Amino acid sequence: MTSPTHPYDPWRDLQETWPDVAVVIEPMGGDLLGELRDGRLIALRAGTSSAQRRCTLTHEIVHLERGLRDCGPWQEREEALVHAEAARRLISLDGLAAAVRSLGGEAPASVVAQCLDVDTDTLTTRLRTLRPPERTRLAELLLGQRELWAVA
Ligand SMILES: [Zn+2]
């Protein structure tokens with residue numbers, strides 16, 4: 092299941108690591124994409140793409156792993172950490188570099204995201220939260236195309 096383009100499969104992880112947690116796909120109000128309820132049920136928004144559901148499910152799994160419920164004033168920080176971890180898990184550097192190379196350096200982020208089977212938000216989060224060694228490695232992998240992706 093682990094390959095450069097699919098480093099992590101949240102559906103399999105859920106099944107193997109969290110067998111008691113159920114997933115439902117249902118209509119949701121507002122712009123909510125998913126929700127973890129009582130640590131036993133993950134609700135995913137109906138009408139979303141499989142890439143979005145994959146990203147949202149990963150996000151909720153990271154919440155499960157971290158085990159934090161109400162973080163009070165730290166809620167926003169916790170969300171950002173969870174978001175970054177989900178993006179890191181779903182997008183490997185090799186997969187990212189391979190996608191950029193195959194699409195050409197000028198492909199818009201939405202197309203690169205599609206190629207990686209993630210939503211655009213997850214891709215931009217991954218780029219924004221690259222660690223310095225990862226940034227260096229990505230530049231190496233991309234060689235001449237690095238300038239275009241150094242903006243992240
Ligand atoms: Zn969250």
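Read in order, the letters of the sequence shown are residues 92 to 243 in my numbering.
Ideal placement from N, C-alpha and C gives every residue a C-beta, glycine not left out.
All of these numbers come straight from a predicted model, not from anything done at the bench.
**Item:** Straight-line gap, valine 115 to arginine 136 (C-alpha atoms, nearest Å)
**Value:** The alpha-carbon of valine 115 is positioned some 9 Å away from that of arginine 136.
**Prompt:** Does ligand 1 have even one heavy atom less than 6 Å from the beta-carbon of glutamate 126?
**Reply:** No; taking the cut-off as 6 Å, the Cβ of glutamate 126 has no heavy atom of ligand 1 nearer than that.
**Item:** Local Cβ density within 10 Å of aspartate 210, reported as buried at 16 or more and exposed below that
**Value:** Aspartate 210 counts as buried, since at least 16 other C-beta atoms from the protein chains shown sit within 10 angstroms of its C-beta.
**Message:** Any contact between the stretch 141–158 and the stretch 183–194? By contact I mean 3 or more CB pairs, one from each, below 8 Å.
**Reply:** In the pairwise beta carbon analysis, the stretch 141–158 is classified as not touching the stretch 183–194: fewer than three pairs are separated by under 8 Å.
**Asked** Is valine 173 near ligand 2, with its Cβ less than 6 Å from a heavy atom?
**Response** Of the ligands one can find in the structure shown, namely ligand 1, none is ligand 2.
**Message:** Quick check: does the Cβ of glutamate 117 come within less than 6 Å of any heavy atom belonging to ligand 1?
**Reply:** Answer for glutamate 117: no, Cβ out of range of ligand 1.
**Prompt:** Where does the unbroken alpha helix (DSSP H) through isoleucine 152 begin, and where does it stop?
**Reply:** Segment 141–157, the alpha helix (DSSP H) holding isoleucine 152.
**Request:** Return yes when the C-beta of glutamate 156 is under 6 Å from any heavy atom of ligand 1, and no when it is not.
**Result:** It does not: the Cβ of glutamate 156 is nowhere closer than 6 Å to a heavy atom of ligand 1.
**Asked** Out of curiosity, what's the CA-to-CA distance linking proline 199 and glycine 125?
**Response** Those two C-alpha atoms are separated by around 26 Å.
**Request:** Can you give me the start and stop residues for the alpha helix (DSSP H) that glutamate 231 sits inside?
**Result:** For glutamate 231, the enclosing alpha helix (DSSP H) stretches over residues 223–233.
**Request:** Taking all protein chains shown into account, decide if threonine 147 is buried (16 or more other Cβ within 10 angstroms of its Cβ) or exposed.
**Result:** Counting the other CB atoms within 10 Å of its CB gives threonine 147 a total of 16 or more, which places it among the buried residues.
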